[in-house]
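First the structure, in the form of structure tokens, and then the observations on it.
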Amino acid sequence: MASSQQQQQQKMGAWGKPRETSQAQAPLQSVQIDGRAVLKIIRHCAAFTPTPVTGELLGLDIGSTLEITDCFPFPTESHEQGSKNNDSDSVSADYQISMMHCLREINVDNNMVGMYMSSYLGSYQTEALIETFLSYQESLSRCVCIIHDPTSVAERGVLSLKALRLSDAFVAFYKNNTFTTEQIHKAGLQLDSIFEEIPLHVHNSALVSALMSTLAPAPELMSNADSDRLNLDASAQLEKNVEFLIDNLDDLSREAAVINQWQRQNMRNNQARMAFLAKRRAENAARRAAGEEPLPEDDGPMGRGSGPEPTRLSAYLIANEMNTFCNGIHSLTSGTLKKLSLASYLHGPSAENK
1 MASSQQQQQQ KMGAWGKPRE TSQAQAPLQS VQIDGRAVLK IIRHCAAFTP
51 TPVTGELLGL DIGSTLEITD CFPFPTESHE QGSKNNDSDS VSADYQISMM
101 HCLREINVDN NMVGMYMSSY LGSYQTEALI ETFLSYQESL SRCVCIIHDP
151 TSVAERGVLS LKALRLSDAF VAFYKNNTFT TEQIHKAGLQ LDSIFEEIPL
201 HVHNSALVSA LMSTLAPAPE LMSNADSDRL NLDASAQLEK NVEFLIDNLD
251 DLSREAAVIN QWQRQNMRNN QARMAFLAKR RAENAARRAA GEEPLPEDDG
301 PMGRGSGPEP TRLSAYLIAN EMNTFCNGIH SLTSGTLKKL SLASYLHGPS
351 AENK
């Protein structure tokens with residue numbers, strides 16, 4: 001995905017770049033998305049669930065608000081087709097550019113402002129998403145990613161939309177440093193400082209609002225009963241959150257094992273180096289006493305090299321996803337416990353009377 005976006009940026013050239021202005025650009029404070037674009041995103045993500053899908057966001061960057069007026073999906077290929085087609089990234093980039101040219105011909109907004117992608121229970125924080133963000137920022141000073149969870153609509157009837165961008169502090173750190181322990185502590189990088197959530201507002205035109213008012217059911221057909229709120233079964237969602245949390249724990253354990261192995265190897269190399277220096281210095285002291293030339297201290301055996309320190313970015317992203325799943329578990333359990341307490345209180349007197 002990241003390589004496809006990079007090829008697209010190179011082919012677009014100056015056409016995809018925003019106009020340069022002499023004034024400093026206002027910081028991004030909110031994202032406004034058109035209702036029609038929201039429906040397109042929901043339909044695309046629901047049609048391919050649980051396969052992750054992505055698409056392009058089109059709109060206008062005005063002041064401190066990023067307006068999203070339209071979108072179109074990226075082509076989705078099967079695993080077999082993707083493995084056989086070596087030029088799939090190039091084909092995807094050509095498809096995106098041709099779509100934007102077609103939209104331009106029919107006088108539709110064709111300014112690229114970001115992307116959207118589907119996510120399952122908040123599992124979107126990956127290195128591929130970061131690389132895609134950075135490839136977009138080569139031609140766009142401000143871009144966002146709309147994250148949609150189609151399962152929240154299908155299972156709970158809740159529209160899950162989230163607008164994200166990379167924080168400026170993280171982008172500066174990513175470009176100028178490596179994710180080692182020393183550099184992270186020096187920069188003061190926190191787990192929650194990688195992605196920044198932007199307030200998202202859904203906007204509908206006056207004609208759409210008027211149409212929705214005419215489609216509203218008659219008052220006599222409407223019911224105040226909201227039985228869905230009484231549903232006490234949250235085991236399926238809770239099970240998925242716990243399952244994903246356990247998977248992330250396994251991934252975090254593997255990352256910790258790699259880091260621990262590097263630390264042990266580095267410690268052994270340092271110990272071998274110190275032992276060699278102590279031996280060589282004692283030998284040089286004896287040679288000086290005998291009037292002989294001392295031997296160099298930098299030509300000793302260094303043992304097997306430990307290599308560079310493993311990056312901590314993967315561990316940071318895994319920890320962020322674990323935090324998301326923990327918040328989901330807390331939200332589900334707290335709401336369910338309140339319902340169970342209310343249900344037990346309502347059923348208590350009747351059970352005693354029986």
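According to UniProt numbering, the residues represented by the sequence shown are 1 to 354, in order.
All C-beta atoms, glycine included, are put in the ideal place defined by N, C-alpha and C.
These numbers were taken from a predicted model, which means no experiment stands behind them.
| Asked | Found |
| --- | --- |
| Would you mind reading off the limits of the alpha helix (DSSP H) that contains residue 238? | 235–289 |
| Flag this pair as yes or no: are the beta carbons of residue 164 and residue 131 separated by less than 8 Å? | no |
| Expressed to the nearest angstrom, what Euclidean distance is found between the alpha-carbon atoms of residue 303 and residue 278? | For residue 303, the predicted model reports a pLDDT of 49, less than 50, meaning its position is unreliable; a value from the coordinates is still stated below. So the alpha carbons of these two residues sit roughly 16 Å apart. |
| For the beta strand (DSSP E) containing residue 198, name the first residue and the last one. | 195–198 |
| Anyone know if the C-beta pair for residue 161 and residue 320 falls short of 8 Å? | no |
| Around the C-beta of residue 136, are 16 or more other C-beta atoms found within 10 angstroms, so that it is buried, or is it exposed? | buried |
| Below 8 Å on the Cβ atoms is my contact criterion, and I expect residue 44 with residue 73 to pass it. Report the Cβ-Cβ distance as a whole number of Å. | 5 Å |
| To the nearest angstrom, report how far apart residue 2 and residue 139 are at their CA atoms. | Bear in mind that a pLDDT of 47 at residue 2, under 50, signals an unreliable position, so the model cannot answer this. |
| Can you tell me which residues form a DSSP beta bridge with residue 33? | 68 and 202 |
| Return the chain-ordered list of same chain residues with a C-beta closer than 7 Å to the C-beta of residue 169, the five sequence neighbours on each side being excluded. | 193 |
| By the 10 Å Cβ neighbour count, where 16 or more other Cβ atoms means buried, how is residue 316 classified, buried or exposed? | buried |
| Thinking C-beta only, is residue 68 closer than 8 Å to residue 37? | yes |
| Taking the alpha carbon of residue 48 as the reference point, which residue from 211, 75 and 141 has its own alpha carbon closest? | 75 |
| How would you label residue 345, buried or exposed, when you count the other beta carbons within 10 angstroms and need 16 or more for buried? | exposed |
| For residue 239, which option in 257, 283, 292 and 333 has the closest C-alpha, if you only look at C-alpha atoms? | 333 |
| If you measure from the CB of residue 122, is any heavy atom of the ligand FAD nearer than 7 Å? | Among the components modelled here there is no ligand, and therefore nothing to report on the ligand FAD. |
| Look at residue 314 and residue 127 and say whether their C-beta atoms are less than 8 Å apart. | yes |
| Taking contact to mean at least 3 C-beta pairs separated by less than 8 Å, is the stretch 208–216 in contact with the stretch 182–189? | no |
| Whose C-beta lies closer than 8 Å to the C-beta of residue 284 among residues of the same chain, with five residues either side of it excluded? | 294, 295 and 297 |
| Report all residues from its chain with a CB closer than 6 Å to the CB of residue 343; omit the five preceding and five following residues, and keep chain order. | none |
| DSSP state of residue 143, grouped into three classes? | coil |
| Quick check on this structure: which residue in 33, 318 and 42 has the alpha carbon closest to the alpha carbon of residue 249? | 318 |
| Taking the Cβ atom as the reference point for each residue, do residue 203 and residue 62 lie within a distance shorter than 8 Å? | no |
| Going by C-alpha to C-alpha distance, which of 172, 178, 328 and 246 sits closest to residue 310? | 178 |
| Mapping the DSSP letters down to three states, classify residue 118 as helix, strand or coil. | strand |
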